[in-house]
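Protein chains in written order, with UniProt numbering: chain A, 1 to 349; chain B, 1 to 349. From the three backbone atoms N, C-alpha and C, an ideal C-beta is built for every residue, glycine too. Please read the structure below before turning to the comments.
Laid out in structure tokens, this is it:
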């Protein structure tokens, strides 16, 4: 996987739920490109505009009386008025840890952990939880309840409430808007995305410990008219405040339960759009590096390749469709008698 | 200024160089809004969908045998595989300090400092400087020289080379791509934006120390067809890699030279587009809070209001148009005899 340069771009027909395309460029082809003459529109005064490789560093002539021994300026002095940031608003809650994107008012990422035991506990009830603004984030950078009102988008949990039933406090902590992004409701948040979240929970039938990092993406798409790559997303609120992501990712670490043991890794990118229920989940699997390039984040740099397995090679990566109404009934029904979740819902390869 | 909620949005006719609009909402009006019934499309199971204010916190029933005394999960455990970031790639160079946006491959901000004395030194010559990729940034998040090739955009300095003539090393350090954004060339980078940079330098005729923070913005614009606010920007490179900002900001701190003295503050937002030379610079002045909301950054939180003055009340905020060819000639001519820059080019109010 490290032999490739990867870029995530939106599929041409993303609006009908088609998969994100992972454009894969062999390094060989890229190297060849790099030897081409580069002619750019630029303001450089270089006599040779094709020259872009810097020359060997030239020692500063400290003996020249014109060159100051002490720099005449102090670029860091402006920090006396405040350091610009960005501040990532790390939030450690019972059910999740997250980092917030102050420019787009969505999380950068939200990390969670589920186990067979944590999912069996049923002390939290979402009827007692309420969506709430995250007051740990300064007012001017915060997502507001009003931003979502009449926007047409769901307040879409990044860590699902259903993963945090082990206590009411844990469940409540998933209802902060810093754990939300605007998501398409019918056909996505209430359907395919929910089935995908269910898939993640079912992984605990095979793995004693499952860690998931979830977050938004803003991917470029090729313009049909001028052929240029463009990122385009709505911003909801009056005045506009919260960005509507074009896609969402989940990076899944399914652990074998042994210290220093194997980790089955899966990365998925889904468009924030209606996805037909019969679309195979595996169509949305991408190399983890593609999520990293698209998000500017890194997820598994410290995980040795020798310990890494590919999740979708070990188990069947597919969703089970439960209708929304049925799922809501199940969620509202009393807790089941204790026991392992049915393992028959997932196939071991 | 603190009495208002501010949002930066792109003007309807930004493509012809029209100014960014600072939408100003009185808090009074906003409060009224907040008392309205909120009906949202949401998956909450609350019996009363209009209720969005969280109830008083309920103590966890620790005496309930179903509630674990020790949380059954550890959301931070995933960091054993690497902390996702974001990493801001702080760079401290002789002529600038910057922070890099790994998702959009542009700086978040670049800070510089100029003084009458620093601008008089002429040891650096841009003919000896070369554009260079910033190898301190991991390859997968870096802006590449090839991304700009044939893109139609200039490699636009955020800290201008002309502000760093005091040593060749200082000038060279402005040529790293982490100090660049794709900028429209003719009519912007080579014209109005260059005149604006010249305005900043001329400030040293009145202020003994001038600090400037410069960076890109990606502002929403109201869609003429559906009335929705949308952010839309091109991404250059093959595969697409570097975002083309819709706007650029400069936050200027003009200091009176006394420790704890007065600071004249000016914030400007210009569209990354052709701007007619006769457009008044003051049309682009915005409240600093508007730049903060748009960028997710904070610039002057530690500057006491009692020390703050408004730059454009003290001096005439206007550009002087020098044609590109003439400017290039001036830049390439030998250094002038030492002396203060001509004060006649700027008017004291």
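Inset, instruction - Could you round the C-beta distance between residue 277 of chain B and residue 186 of chain B to whole angstroms and report it? I think they count as a contact, below 8 Å. - result: Rounded, the Cβ-Cβ distance is 12 Å, inconsistent with contact.
Legend entry - Residues bridged to residue 156 of chain A [DSSP beta-bridge criterion]: DSSP, once it has assigned bridges, lists A:181 as partnering residue 156 of chain A.
Legend entry - Inter-stretch contact (C-beta, 8 Å, three-pair minimum) for the region 306–319 of chain B and the region 258–266 of chain B: The region 306–319 of chain B is in contact with the region 258–266 of chain B.
Legend entry - residue 199 of chain A in three-state terms, based on DSSP: The three-state secondary structure of residue 199 of chain A, taken from DSSP, is helix.
Inset, instruction - Measure the C-alpha to C-alpha separation of residue 9 of chain A and residue 221 of chain A and round it to an integer number of angstroms. - result: Their backbone Cα atoms lie some 6 Å apart in a straight line.
Inset, instruction - Would you kindly report the start and end of the unbroken beta strand (DSSP E) that includes residue 230 of chain A? - result: Start and end: 229–236.
Inset, instruction - Would you check if the distance between the CB atom of residue 113 of chain A and the CB atom of residue 215 of chain A is smaller than 7 Å? - result: Note that the C-beta distance between residue 113 of chain A and residue 215 of chain A is not below 7 Å.
Legend entry - Simplified DSSP state of residue 101 of chain A, which is helix, strand or coil: Strand at residue 101 of chain A.
Inset, instruction - Could you tell me which residues DSSP pairs with residue 214 of chain B in its beta bridges? - result: DSSP lists B:110, B:250 as partners of residue 214 of chain B.
Inset, instruction - Can you give me the Cβ contacts of residue 153 of chain B inside the same chain, cut-off strictly under 8 Å, excluding the 5 residues immediately before and after it? - result: Non-local C-beta neighbours of residue 153 of chain B in its own chain, meaning closer than 8 Å and more than five positions away in sequence, comprise 182, 183, 184, 185, 236, 244, ordered along the chain.
Inset, instruction - Can you say whether residue 168 of chain B is buried or exposed, counting buried as having 16 or more other CB atoms within 10 angstroms of its CB? - result: Result: buried.
Legend entry - Three CB pairs or more closer than 8 Å across the region 94–101 of chain A and the region 192–202 of chain B: At 8 Å Cβ cutoff, the stretches do not touch.
Inset, instruction - Check each candidate in B:208, B:242, B:211, B:202 and name the one with the smallest Cα separation from residue 218 of chain B. - result: Residue B:242 is the option with its Cα nearest to residue 218 of chain B.
Legend entry - residue 140 of chain A versus residue 293 of chain B - alpha carbon distance: Distance from the CA atom of residue 140 of chain A to the CA atom of residue 293 of chain B, rounded to whole angstroms, is 6 Å.
Inset, instruction - Spell out a yes or no on whether the region 282–299 of chain A and the region 83–91 of chain B are touching, meaning 3 or more CB-CB pairs, one atom from each, closer than 8 Å. - result: Touching, yes.
Legend entry - Rounded C-alpha distance that separates residue 161 of chain A from residue 211 of chain A: About 15 Å.
Legend entry - C-alpha gap between residue 257 of chain A and residue 272 of chain A, whole angstroms: Cα to Cα, the separation comes out at about 33 Å.
Inset, instruction - Could you list the residues in the region 102–126 of chain B with a C-beta less than 7 Å from some C-beta on chain A, going in chain order? - result: The region 102–126 of chain B vs chain A, Cβ under 7 Å: 102, 103, 108, 109, 111, 112, 113, 114, 115, 117, 118, 121, 123, 126.
Legend entry - Buried/exposed call for residue 318 of chain A, threshold 16 Cβ in 10 Å: So residue 318 of chain A ends up on the exposed side.
Inset, instruction - Name the two residues that bound the continuous alpha helix (DSSP H) containing residue 116 of chain A. - result: Start and end: 116–120.
Legend entry - Partners in chain B for residue 293 of chain A, counting only beta-carbon separations shorter than 7 Å: Going along chain B in sequence order, the residues near residue 293 of chain A (Cβ under 7 Å) are 140.
Inset, instruction - Output the boundary residues of the beta strand (DSSP E) element that contains residue 144 of chain A. - result: Premise fails: residue 144 of chain A is in no beta strand (DSSP E) and is neither H nor E.
Inset, instruction - Give every residue of the same chain whose Cβ lies closer than 8 Å to the Cβ of residue 285 of chain B, excluding the five residues on either side of it in the sequence, and list them in chain order. - result: The residues 266, 267, 268, 312, 317, in chain order, have a CB closer than 8 Å to that of residue 285 of chain B in the same chain once the five nearest residues on each side in sequence are set aside.
Inset, instruction - Given a cut-off of 7 Å, decide if residue 110 of chain B and residue 158 of chain B are closer than it, judged by their beta-carbon atoms. - result: Taking 7 Å as the Cβ cut-off, residue 158 of chain B and residue 110 of chain B qualify as a contacting pair.
Legend entry - residue 44 of chain B to residue 131 of chain A span [Cα, whole Å]: Its pLDDT being 35, under 50, residue 44 of chain B is placed unreliably by the model, and the measurement read from it follows with that caveat. Distance from the CA of residue 44 of chain B to the CA of residue 131 of chain A, rounded to the nearest whole angstrom, comes to 8 Å.
Legend entry - residue 249 of chain B beta carbon less than 7 Å from that of residue 300 of chain A: No, the Cβ-Cβ distance between residue 300 of chain A and residue 249 of chain B is not below 7 Å.
Legend entry - Same chain, Cβ closer than 7 Å to residue 321 of chain A, five either side skipped, listed in chain order: Contacts found: 195, 277.
Legend entry - Closer than 7 Å to chain A by CB, residue 211 of chain B: Proximity of residue 211 of chain B to chain A, defined by a Cβ-Cβ separation below 7 Å, is satisfied.
Inset, instruction - Please work out which residues of its chain come closer than 8 Å, Cβ to Cβ, to residue 291 of chain A, disregarding the five sequence neighbours upstream and downstream, and give them in chain order. - result: Annotation for residue 291 of chain A: 8, 217, 249, 251, 267, 269, 297, 299 place their beta carbon closer than 8 Å to its own, counting only its chain and skipping 5 residues before and after.
Legend entry - For residue 310 of chain A, the first and last residue of its enclosing beta strand (DSSP E): Element bounds for residue 310 of chain A: 308–310.
Legend entry - Cβ-Cβ separation, residue 102 of chain A to residue 178 of chain A (assumed contact under 8 Å), whole Å: That pair is no contact at about 11 Å.
Inset, instruction - Go to residue 170 of chain B, then tell me how far its beta strand (DSSP E) extends in each direction, as first and last residue. - result: Run containing residue 170 of chain B: none in the beta strand (DSSP E); it sits in the alpha helix (DSSP H), 168–172.
Inset, instruction - Specify the secondary structure class of residue 281 of chain B as computed by DSSP and reduced to three states. - result: Reduced to three states, the DSSP call for residue 281 of chain B is helix.
Legend entry - Helix, strand or coil at residue 313 of chain B according to DSSP, with G and I counted as helix: Here residue 313 of chain B sits in helix by DSSP.
Legend entry - According to DSSP, residues forming a beta bridge with residue 255 of chain A: Paired residue(s): A:209, A:263.
Legend entry - Boundaries (first-last residue) of the alpha helix (DSSP H) holding residue 290 of chain A: Note, residue 290 of chain A: alpha helix (DSSP H), 288–295.
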